[in-house]
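Positions 1 to 69 (the UniProt record's numbering) are the ones given, in order, by the sequence shown. Cβ coordinates follow ideal geometry from the N, Cα and C atoms, glycine included. In this text, all values refer to a predicted model and were calculated from it rather than measured experimentally. The next block holds one structure in the form of structure tokens; read it before the comments.
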Amino acid sequence: MRTRRALRALVRAGRAVHWYTTTLLGDHDYARYAAHVARVHPGTDPGSEAAYWRARHAEQDAHPGARCC
């Protein structure tokens, strides 16, 4: 019983670390953007994921602001 509880805690911690790193790195940003476009601008094409990332990186390069790299 103790082993099973420890395993569940380890799995839960692993999922939390995975969620944190994917959120920090922006892995879900395009999906969030596409959902926003669908909700706020119905019928509008959000564009491709590649175009989204190109525009996002171009914006960051043009206006770096405060960031580590």
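Below 6 Å CB to CB, which residues in the same chain sit around residue i once its five sequence neighbours on both sides are set aside?
i: Trp-53; result: none
i: Ser-48; result: none
i: Ala-9; result: none
i: His-18; result: none
Here's a check: name, in chain order, each residue in its chain whose Cβ is nearer than 7 Å to the Cβ of residue i, leaving out the five neighbours to either side.
i: Thr-44; result: Val-37
Please report the straight-line C-alpha distance between residue i and residue j, rounded to a whole angstrom.
i: Leu-24; j: Arg-4; result: 30 Å
i: Asp-27; j: Met-1; result: 36 Å
i: Gly-14; j: Ala-50; result: 29 Å
i: residue 70; j: Leu-7; result: No answer is possible for residue 70: the residues shown for the chain start at 1 and end at 69.
Does the region 18-33 come within contact of the region 48-64, defined as at least 3 CB pairs closer than 8 Å? yes
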